[in-house]
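A.B. asks: Residue numbers (my numbering): 397 to 840.
#1: Please confirm if the segment 603 to 620 is in contact with the segment 550 to 563, defined as three or more CB-CB distances below 8 Å between the two stretches.
#2: Could you name the residues of the same chain whose beta carbon sits closer than 7 Å to that of residue 600, not counting the 5 residues immediately before and after it, in chain order?
#3: May I have the straight-line CA-CA distance separating residue 748 from residue 818, to the nearest angstrom?
#4: CA-CA distance, residue 796 and residue 756?
#5: Under 8 Å Cβ to Cβ from residue 887, same chain only, skipping five residues before and after it: list those, please.
#6: Excluding the five sequence neighbours on either side, which residues of its own chain have a C-beta within less than 6 Å of the C-beta of residue 722, listed in chain order?
#7: By DSSP's criteria, residue 509 is part of a beta bridge. Which residues make up the other side?
#8: Quick check on DSSP: helix, strand or coil for residue 745?
#9: Does the Cβ-Cβ distance between residue 515 and residue 453 come in under 8 Å?
#10: Assuming residue 550 is part of the beta strand (DSSP E), what are its boundary residues?
#11: Judging by CA-CA distance, which residue of 414, 407, 761 is the nearest neighbour of residue 790?
#12: If we count the other Cβ atoms within 10 Å of its Cβ and call it buried at 16 or more, is residue 672 buried or exposed?
#13: By the three-class DSSP mapping on this structure, what secondary structure does residue 488 have?
#14: Using only alpha-carbon positions, find the residue among 786, 772, 741, 552 that is nearest to residue 542.
#15: Put residue 793 into one of helix, strand or coil per three-state DSSP.
#16: Could you tell me whether the segment 469 to 479 touches the segment 649 to 659, where touching means 3 or more Cβ pairs closer than 8 Å?
#17: Per DSSP, which one or two residues make a beta bridge with residue 664?
#18: Starting from residue 588, follow its DSSP beta bridges and name the residues at the other end.
#19: Can you tell me whether DSSP reads residue 675 as helix, strand or coil?
#20: If you draw a straight line from the C-alpha of residue 534 to the C-alpha of residue 798, how long is it?
#21: For residue 497, which of 451, 520, 512, 465 has the nearest alpha-carbon?
#22: For my contact list, residue 539 and residue 828 are in at a C-beta cut-off of 8 Å; report their separation, rounded to the angstrom.
#23: Taking the runs of the alpha helix (DSSP H) that are 4 residues or longer, which of them lie wholly in the segment 727 to 781?
#24: Return the CA-CA distance between residue 670 and residue 739, expressed in angstroms with no decimal places.
#25: Would a C-beta distance cut-off of 8 Å place residue 416 and residue 728 closer than the cut-off?
#26: Run the proximity test for residue 475: is its beta-carbon closer than 7 Å to any non-hydrogen atom belonging to the ligand FAD?
#27: List the endpoints of the continuous beta strand (DSSP E) containing residue 559.
#28: Quick check: residue 402 and residue 430, are their CB atoms within less than 8 Å of each other?
#29: Measure the alpha-carbon distance for residue 680 versus residue 753 and round it to whole angstroms.
#30: Considering just the uninterrupted stretch of the alpha helix (DSSP H) at residue 430, what are its terminal residues?
#31: Work out the CA separation of residue 612 and residue 434 for me, nearest whole Å.
#32: Compare the Cα-Cα distances from residue 443 to each of 499, 608, 426 and report the closest residue.
#33: Can you tell me the Cα-Cα spacing of residue 784 and residue 687, whole angstroms?
#34: Should residue 778 go down as buried or exposed, given a rule of 16 or more other Cβ atoms within 10 Å for buried?
#35: Consult DSSP for residue 495 and reduce its assignment to one of helix, strand or coil.
#36: For residue 659, is the classification buried or exposed, using 16 other Cβ atoms within 10 angstroms of its Cβ as the cut-off for buried?
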């Protein structure tokens, strides 16, 4: 297995995301850094900080020149950052030393790299948002369609009461609505320009520094942070936290589907399962497994991102490197998770007959809570609970249903609604429809 499975020729269709992955390729990083250098020269020329002729030449070259990423490798091995060699190669490729001299004027490597990252993060979060919206919409339709499809609600893995499949789906979808709302704030924090100079003071640009930063932000359609964020990494840490939360919520959907598709339960059917090398009867729940696995991996990478929050003093290479090794993989894996969830939301099929059989298979025990409350109308609450437990034990020992025994022992109690599935759904249909309405509103 390769070190980064998302880039693997073998595993990329399982763990990779071509659309997001291309934004974190070497080529994309170099292209983004060159765009930043070109935009910086342009705004500096307009402000009179460097000659306008040089600024125009640099800006034009930034869009026309091609720099081979592999040519940066040896320098990065020595300097840890690609910008020094990128600037050298850029100047050489321009073949206009009188103009190239003004390239990278007053900036530092981290300015260029962080701003280039912001450009790519802006595109990435837009992709995630679009996929997330599609997933919410598909889950909303599923919840509405099955708002009153009864199924066993399970707590601690045990049959508890009845709920509906629509309400079960709402439990997958409601967190996604909240994650989508949070994304707006997270996006603001990570789509900021970085222009602070060697140690955050912009001293080389004199009094024009803040105006240049604001102009660069406008040129690149980023926001101006109003200061340096070289060592203030709360924004990228918040993004990592958001990715972890989203992946975790999708992982819950995956874990539930692993149970619902399990042999012997089979309350949900997948559109397509994975095959086995030796067992022809198998149809493995690959996408639910993938969601659960990604949730765990992204949580682990988030631990690394959190550890990188304390950037020492004005610049900290070691903490910064941790971000390089962690954040791109978090973006790619979470993107893959949302794609998988979207596919599942659009294709899974609940088996209502199977759900009904599992309700019947409890022998009425699923309605024990409702029975205890019905009996409370005729005796103290604690006695009603004790009586319900005795009835369950007797039903188990005699292999009779709880409904039959309760009717025999308490003929004066009106128990008609207690064992009526449609009367014991509680707020489940309402929960399902409320989520469906929120999903529809979110899409509009």
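Note that CB positions come from ideal geometry on N, CA and C, so glycine has one too. Model, not experiment: these values are computed from the prediction.
C.D. replies: If we stick to the structure as given:
#1: No, they do not touch.
#2: Cβ neighbours of residue 600 beyond the five flanking positions: 502, 593.
#3: When rounded, the distance between both Cα atoms is 14 Å.
#4: Whole-angstrom Cα-Cα distance: 12 Å.
#5: Because the chain in this structure spans residues 397 to 840, residue 887 falls outside the shown range and cannot be described.
#6: For residue 722, where only same-chain residues beyond five positions count, the Cβ hits under 6 Å are 697, 700, 701.
#7: Answer is none; residue 509 lacks a bridge partner.
#8: It is a strand residue.
#9: With contacts defined as CB atoms closer than 8 Å, residue 515 and residue 453 fail to qualify as a contacting pair.
#10: Segment 546 to 551, the beta strand (DSSP E) holding residue 550.
#11: The residue from 414, 407, 761 with its alpha-carbon nearest to that of residue 790 is 761.
#12: Confidence at residue 672 is low in this model, with a pLDDT of 37, below 50, so its placement is unreliable and the value that follows should be read with caution. Here residue 672 is exposed: its Cβ has fewer than 16 other Cβ atoms, across all protein chains shown, within 10 Å.
#13: Residue 488 falls in the helix class under three-state DSSP.
#14: Among 786, 772, 741, 552, the Cα nearest to that of residue 542 is on 741.
#15: In the structure shown, residue 793 sits in a helix (DSSP, three-state: H, G or I).
#16: No: the two stretches stay apart, fewer than three of their Cβ pairs being nearer than 8 Å.
#17: 746.
#18: Answer is 619.
#19: Low per-residue confidence applies at residue 675: pLDDT is 38, beneath 50, and the placement is therefore not dependable, though the value from the model is reported in the following sentence. DSSP, read as helix, strand or coil, puts residue 675 in coil.
#20: If you draw a straight line from the Cα of residue 534 to the Cα of residue 798, it comes to about 39 Å.
#21: Taking only the C-alpha atoms, the option nearest residue 497 is 451.
#22: Indeed they touch by this definition, with Cβ atoms about 4 Å apart.
#23: The segment 727 to 781 contains these whole alpha helix (DSSP H) runs: 748 to 757, 764 to 771.
#24: Low confidence applies to residue 670: its pLDDT is 47, below 50, so where it sits in the model is not reliable enough to give any reading.
#25: Going by C-beta atoms, residue 416 is nearer than 8 Å to residue 728.
#26: For the structure depicted, the ligand FAD is absent and the ligand set is empty, with no information on it obtainable.
#27: If you look at residue 559, you'll find it in the beta strand (DSSP E) that goes 554 to 560.
#28: Taking 8 Å as the Cβ cut-off, residue 402 and residue 430 do not qualify as a contacting pair.
#29: For residue 680 and residue 753, the distance between alpha carbons rounds to 23 Å.
#30: Going by DSSP, residue 430 is part of the alpha helix (DSSP H) stretching over 422 to 442.
#31: Residue 434 and residue 612 have their C-alpha atoms some 10 Å from each other.
#32: Comparing alpha carbon positions, the residue from 499, 608, 426 closest to residue 443 is 608.
#33: Straight-line Cα distance between these residues: approximately 40 Å.
#34: In summary, residue 778 is exposed, with fewer than 16 beta-carbon neighbours lying within 10 Å of its beta-carbon over all protein chains present.
#35: In this structure, residue 495 counts as helix in the three-state DSSP scheme.
#36: Exposed.
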